[in-house]
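2 protein chains.
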Amino acid sequence: MRIAQIAPLWIPVPPYTYGGTELIVSWLTEELVKRGHQVTLFATGDSKTSARLVPIWPKSLWRANLSIPHAAFSLMYEKLFEMQDEFDIIHDHCEFYTAPYSKFIKPPIVSTIHHPLYEEIIQLFKKFPKINYVAVSKNQRKSAPGINFIKTIYHGLPLQNYPFNKNPKDYLLWLSKITPQKGPIEAIEVAKKTGQKLIISGNILKEYRDYFEYRVQPLIDGEQIQFVGAVNFEKKVELFKNAKAFLYPIRRPEPFGLVVIESMATGTPVIAHKEGAMSELIKNNKTGFLVSDQEEMARAVKKVNQISRFACRSLVAKKFTLEKMVNKYEALYRTILKKQKNEK
Amino acid sequence: MRIAQIAPLWIPVPPYTYGGTELIVSWLTEELVKRGHQVTLFATGDSKTSARLVPIWPKSLWRANLSIPHAAFSLMYEKLFEMQDEFDIIHDHCEFYTAPYSKFIKPPIVSTIHHPLYEEIIQLFKKFPKINYVAVSKNQRKSAPGINFIKTIYHGLPLQNYPFNKNPKDYLLWLSKITPQKGPIEAIEVAKKTGQKLIISGNILKEYRDYFEYRVQPLIDGEQIQFVGAVNFEKKVELFKNAKAFLYPIRRPEPFGLVVIESMATGTPVIAHKEGAMSELIKNNKTGFLVSDQEEMARAVKKVNQISRFACRSLVAKKFTLEKMVNKYEALYRTILKKQKNEK
Numbered sequence: 001m002r003i004a005q006i007a008p009l010w011i012p013v014p015p016y017t018y019g020g021t022e023l024i025v026s027w028l029t030e031e032l033v034k035r036g037h038q039v040t041l042f043a044t045g046d047s048k049t050s051a052r053l054v055p056i057w058p059k060s061l062w063r064a065n066l067s068i069p070h071a072a073f074s075l076m077y078e079k080l081f082e083m084q085d086e087f088d089i090i091h092d093h094c095e096f097y098t099a100p101y102s103k104f105i106k107p108p109i110v111s112t113i114h115h116p117l118y119e120e121i122i123q124l125f126k127k128f129p130k131i132n133y134v135a136v137s138k139n140q141r142k143s144a145p146g147i148n149f150i151k152t153i154y155h156g157l158p159l160q161n162y163p164f165n166k167n168p169k170d171y172l173l174w175l176s177k178i179t180p181q182k183g184p185i186e187a188i189e190v191a192k193k194t195g196q197k198l199i200i201s202g203n204i205l206k207e208y209r210d211y212f213e214y215r216v217q218p219l220i221d222g223e224q225i226q227f228v229g230a231v232n233f234e235k236k237v238e239l240f241k242n243a244k245a246f247l248y249p250i251r252r253p254e255p256f257g258l259v260v261i262e263s264m265a266t267g268t269p270v271i272a273h274k275e276g277a278m279s280e281l282i283k284n285n286k287t288g289f290l291v292s293d294q295e296e297m298a299r300a301v302k303k304v305n306q307i308s309r310f311a312c313r314s315l316v317a318k319k320f321t322l323e324k325m326v327n328k329y330e331a332l333y334r335t336i337l338k339k340q341k342n343e344k
Numbered sequence: 001m002r003i004a005q006i007a008p009l010w011i012p013v014p015p016y017t018y019g020g021t022e023l024i025v026s027w028l029t030e031e032l033v034k035r036g037h038q039v040t041l042f043a044t045g046d047s048k049t050s051a052r053l054v055p056i057w058p059k060s061l062w063r064a065n066l067s068i069p070h071a072a073f074s075l076m077y078e079k080l081f082e083m084q085d086e087f088d089i090i091h092d093h094c095e096f097y098t099a100p101y102s103k104f105i106k107p108p109i110v111s112t113i114h115h116p117l118y119e120e121i122i123q124l125f126k127k128f129p130k131i132n133y134v135a136v137s138k139n140q141r142k143s144a145p146g147i148n149f150i151k152t153i154y155h156g157l158p159l160q161n162y163p164f165n166k167n168p169k170d171y172l173l174w175l176s177k178i179t180p181q182k183g184p185i186e187a188i189e190v191a192k193k194t195g196q197k198l199i200i201s202g203n204i205l206k207e208y209r210d211y212f213e214y215r216v217q218p219l220i221d222g223e224q225i226q227f228v229g230a231v232n233f234e235k236k237v238e239l240f241k242n243a244k245a246f247l248y249p250i251r252r253p254e255p256f257g258l259v260v261i262e263s264m265a266t267g268t269p270v271i272a273h274k275e276g277a278m279s280e281l282i283k284n285n286k287t288g289f290l291v292s293d294q295e296e297m298a299r300a301v302k303k304v305n306q307i308s309r310f311a312c313r314s315l316v317a318k319k320f321t322l323e324k325m326v327n328k329y330e331a332l333y334r335t336i337l338k339k340q341k342n343e344k
């Protein structure tokens with residue numbers, strides 16, 4: 001098949017450090033190329049791929065620090081509009097940026113929703129029943145009745161890149177984008193409450209620099225609470241596999257949370273707020289704990305040794321592999337194209 | 001003429017407090033209605049107009065605090081796309097949101113650019129030579145060669161709503177959106193350096209709450225440096241007319257700066273950084289001072305009594321009235337429609 005993959009432009013594909021969506025787009029793209037498809041990746045020029053790359057802007061938008069990043073997305077869809085006849089199917093990962101163009105683009109569009117669905121998005125997407133929306137969890141799908149979801153496909157990862165470790169070191173891990181919604185301060189408080197060492201890893205966006213400087217940094221002592229900044233893939237895997245537990249005190253209906261399966265893949269249990277899709281990813285008391293607040297999270301930290309690290313790994317191997325994910329997308333593309341053919 | 005005015009959705013039209021663009025859109029809309037046109041205003045439901053209102057979202061986006069405000073803009077252009085046959089001409093004020101739709105909309109589009117033109121915007125707009133772009137200053141127009149600017153039209157205000165005051169009180173004024181680019185901290189430093197009283201008025205956006213709390217607020221003592229928050233139109237005019245001088249230490253190429261003419265209309269001189277269109281709005285040494293840095297701004301404050309407040313008022317009466325502005329837009333609409341007719 002001639003497939004266009006449309007990546008968000010914020011972060012290179014694959015990401016240099018943080019970037020769940022971009023990691024998924026990269027893995028999916030490379031695997032589709034391996035399977036013999038003609039894949040074109042729309043992304044920024046600092047991306048690396050074995051597919052054909054259509055570079056929309058030289059640098060990814062967080063790095064380029066554009067005043068009006070929206071303009072770059074418009075440039076991308078202009079380009080897609082021009083090139084549309086070169087594709088059998090378009091797989092989009094940019095969500096709300098796409099919808100309006102869908103009317104004017106002929107090949108069928110598959111759109112994976114990577115973010116929570118807010119009311120304004122739901123209203124918008126309802127206007128575009130032609131787009132084939134894919135949910136990344138049952139929870140996400142349920143949250144937005146009326147949207148043309150044709151499939152739920154869990155994210156999957158290349159297990160061989162996440163070595164299993166049964167003997168972790170003695171620290172807790174928090175790793176994400178540094179924003180209030182991802183709960184770095186809650187993680188710190190839990191670590192202090194339980195007397196545990198905590199490593200914090202993450203990138204700081206421009207709009208959250210003051211948040212980091214004034215609210216998070218004063219809580220970091222460099223000993224019990226350590227900050228290691230944003231890290232690359234290899235370092236990230238090291239952090240995951242050596243952690244005793246991964247803390248995920250999120251405050252939004254996370255539709256998936258790639259870090260959760262990354263952590264479990266290396267054998268590290270996850271203690272997360274019971275939000276969004278967490279109960280689909282984590283088996284409570286088996287691969288981690290689902291908790292409601294800081295008190296509960298602190299109690300869970302104390303009993304994390306009860307969790308079998310092997311069970312964590314097994315769950316990912318069973319439900320969340322890259323192969324599984326790509327099989328499903330490939331099948332979906334074929335179904336859509338077949339349906340389209342029959343309609344003609 | 002059947003005219004659609006497309007307002008940005010961030011702020012009600014007219015604004016409850018801060019909002020230069022929304023004030024212009026409101027004045028323009030009301031004046032066009034008065035002149036007998038059939039005007040339709042696309043804006044949020046908390047707007048007030050004598051035109052027909054198409055409410056896109058119940059509350060304006062800053063007030064509604066949407067997670068994905070972009071979705072509301074997409075909903076608006078979907079609506080415009082549906083209703084397009086009802087209009088002879090579309091006057092848009094949303095800049096980069098519009099461009100991609102312009103291909104699929106039949107009536108001619110006039111697009112006034114209210115913001116600085118960054119490289120990414122320039123690249124985008126060059127792809128849409130069908131849109132009739134209007135610059136709000138010569139400086140703005142010059143900054144973006146290659147864009148289809150068909151006219152430069154200065155903003156204008158209803159002079160009768162800005163009473164002239166020749167006897168100000170003894171304070172300096174800073175009034176804007178509280179962001180680093182608008183220079184509230186610089187204004188405070190100038191006030192402290194010159195021993196003058198300063199009133200700061202402005203709204204605080206969510207993303208700048210920490211900036212305000214940690215960087216600006218500690219400098220406010222409630223006596224020499226006073227903060228009065230965001231104010232409505234009447235209170236704003238009071239603040240302007242009683243000020244000894246208005247400080248505008250901006251750090252971006254401001255394409256116009258409505259506050260500058262609002263201040264001068266009441267007789268209050270403006271001391272501004274020599275950025276963007278400032279030299280087109282302010283007559284140096286006559287209606288205020290154009291300065292390069294804090295030192296110069298402090299020196300200018302000391303000689304502000306040399307400025308004739310009457311000269312400030314006269315300049316606005318001569319160059320920047322609402323009547324003048326609407327005359328020009330009306331003439332432009334007619335020219336475009338005539339040209340379109342001739343081409344058919």
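Protein chains in written order, with our numbering: chain S, 1 to 344; chain C, 1 to 344. Ideal Cβ positions, reconstructed from N, Cα and C, are used throughout, including at glycine. A quick note: this is a predicted structure, and the numbers were derived from the prediction, not measured.
In DSSP terms, what residue i is bridged to
{"i": "Arg2 (chain S)", "result": "S:Gln38"}
{"i": "Trp27 (chain S)", "result": "None, per the DSSP bridge assignment."}
{"i": "Lys177 (chain C)", "result": "C:Asn203"}
{"i": "Arg52 (chain S)", "result": "S:Thr40"}
{"i": "Gln226 (chain S)", "result": "S:Ile199"}
{"i": "Phe149 (chain S)", "result": "S:Tyr133"}
{"i": "Ala245 (chain C)", "result": "C:Leu172"}
{"i": "Leu157 (chain C)", "result": "C:Thr321"}
Distance between residue j and residue i (C-alpha atoms, nearest Å)
{"i": "Gln140 (chain S)", "j": "Gln38 (chain S)", "result": "30 Å"}
{"i": "Pro8 (chain S)", "j": "His93 (chain S)", "result": "6 Å"}
{"i": "Leu23 (chain S)", "j": "Pro14 (chain S)", "result": "5 Å"}
{"i": "Ile178 (chain S)", "j": "Val216 (chain S)", "result": "9 Å"}
{"i": "Ala227 (chain S)", "j": "Ile220 (chain S)", "result": "It is Phe, not Ala, that sits at residue 227 (chain S) in the sequence shown. Approximately 7 Å between the Cα atoms of the pair."}
{"i": "Tyr208 (chain C)", "j": "Gln84 (chain S)", "result": "40 Å"}
{"i": "Gly319 (chain S)", "j": "Glu31 (chain S)", "result": "In the sequence on display, residue 319 (chain S) carries Lys and not Gly. Their backbone Cα atoms lie some 18 Å apart in a straight line."}
{"i": "Thr287 (chain C)", "j": "Tyr171 (chain C)", "result": "17 Å"}
{"i": "Tyr248 (chain C)", "j": "Val136 (chain S)", "result": "49 Å"}
{"i": "Gly229 (chain S)", "j": "Tyr18 (chain S)", "result": "10 Å"}
{"i": "Ile90 (chain C)", "j": "Lys106 (chain C)", "result": "10 Å"}
{"i": "His273 (chain C)", "j": "Arg309 (chain C)", "result": "20 Å"}
{"i": "Ala43 (chain S)", "j": "Ala72 (chain S)", "result": "10 Å"}
{"i": "Val259 (chain S)", "j": "Lys303 (chain S)", "result": "21 Å"}
{"i": "Ser314 (chain S)", "j": "Ala265 (chain S)", "result": "8 Å"}
{"i": "Ser26 (chain S)", "j": "Ser47 (chain S)", "result": "9 Å"}
DSSP state of residue i mapped onto helix, strand, coil
{"i": "Phe233 (chain S)", "result": "helix"}
{"i": "Trp62 (chain C)", "result": "helix"}
{"i": "Arg251 (chain C)", "result": "coil"}
{"i": "Leu80 (chain C)", "result": "helix"}
{"i": "Thr321 (chain S)", "result": "strand"}
{"i": "Thr266 (chain C)", "result": "coil"}
{"i": "Asn285 (chain C)", "result": "coil"}
{"i": "Lys182 (chain S)", "result": "helix"}
{"i": "Ile271 (chain S)", "result": "strand"}
{"i": "Ala277 (chain S)", "result": "coil"}
{"i": "Gly20 (chain C)", "result": "helix"}
{"i": "Ala191 (chain S)", "result": "helix"}
{"i": "Leu9 (chain S)", "result": "coil"}
{"i": "Tyr162 (chain S)", "result": "coil"}
{"i": "Phe256 (chain S)", "result": "coil"}
Contact belief for residue i with residue j at Cβ below 8 Å, rounded distance in angstroms
{"i": "Ile113 (chain C)", "j": "Pro255 (chain C)", "result": "7 Å"}
{"i": "Ile250 (chain C)", "j": "Glu275 (chain C)", "result": "5 Å"}
{"i": "Lys126 (chain S)", "j": "Gly146 (chain S)", "result": "5 Å"}
{"i": "Ile131 (chain C)", "j": "Ile153 (chain C)", "result": "Actually they are not in contact, since the Cβ atoms of Ile131 (chain C) and Ile153 (chain C) sit about 15 Å apart, beyond 8 Å."}
{"i": "Trp10 (chain C)", "j": "Ser60 (chain C)", "result": "6 Å"}
{"i": "Tyr329 (chain C)", "j": "Leu41 (chain C)", "result": "Wrong, their Cβ atoms sit about 15 Å apart, outside the cutoff."}
{"i": "Ile261 (chain C)", "j": "Leu290 (chain C)", "result": "That pair is no contact at about 15 Å."}
{"i": "Leu239 (chain C)", "j": "Ile200 (chain C)", "result": "With a Cβ gap of about 10 Å, Leu239 (chain C) and Ile200 (chain C) do not count as contacting."}
field: In chain order, each beta strand (DSSP E) run of at least 3 residues that lies wholly inside the segment 71-121 of chain S
entry: With a minimum length of 3 residues, the continuous beta strand (DSSP E) runs that stay inside the segment 71-121 of chain S are 89-92, 109-112.
field: Whole runs of the alpha helix (DSSP H) within the segment 291-344 of chain S, excluding any shorter than 4 residues
entry: Under the rule that a run must span 4 or more residues, the alpha helix (DSSP H) segments found entirely inside the segment 291-344 of chain S read 294-302, 309-319, 322-343.
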